[in-house]
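In the working numbering, the protein residues as written are 1 to 99.
Quick reminder that beta carbons are idealized off the backbone N, C-alpha and C, glycines included.
To start, the structure under review is shown below, and the notes come after it.
See below:
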C-alpha cells in the first residue's frame with residue numbers, strides 16, 4: 001500500500017519544453033520591447049529594471065532591445081529616450097498622439 005508521501009508526483013500536462021514553430025503571421029516580429037513608464041516627467045525606476053531584464057533576454061535570443069516611450073515631443077520624452085539608451089536599449093521608438 002502506498003501513501004501520499006511515497007507516491008511519485010505527476011506533472012500536469014502542459015506546454016513546458018515544447019518547441020513549436022511560429023505561425024507565419026508572427027514571423028516578422030522582432031526584438032524584445034520594453035515600454036518605459038513616465039511618471040511626473042520622469043521615467044519610472046521599474047522601467048530601468050525591465051530594460052536590464054530585457055537586455056538579458058535580447059542577448060539570449062540574439063535580437064535587439066527596443067525601448068518604447070509614449071508621449072508628446074519635448075524635453076521629457078527626449079530625456080526618456082536618452083535614459084533608455086543609457087540603460088542598454090539598441091533602439092527606441094517614440095509614440096506620439098496623432099494631431
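Beta bridge counterpart(s) of residue i as assigned by DSSP
i: residue 39; result: 42
i: residue 92; result: 67
Short Cβ contact (8 Å threshold) for residue i with residue j
i: residue 65; j: residue 90; result: yes
i: residue 80; j: residue 38; result: yes
i: residue 51; j: residue 88; result: yes
Spatial neighbours of residue i in its chain, beta-carbon cut-off 6 Å, leaving aside the 5 residues before and after
i: residue 35; result: 68
i: residue 33; result: 66, 68
Backbone secondary structure at residue i - three-state DSSP
i: residue 68; result: strand
i: residue 63; result: coil
Outcome for residue i when other beta-carbon atoms lying within 10 angstroms are tallied against a minimum of 16
i: residue 95; result: exposed
i: residue 83; result: buried
i: residue 46; result: exposed
Proximal residues to residue i (C-beta, below 7 Å), its chain only, five neighbours per side dropped
i: residue 77; result: 69, 71, 94
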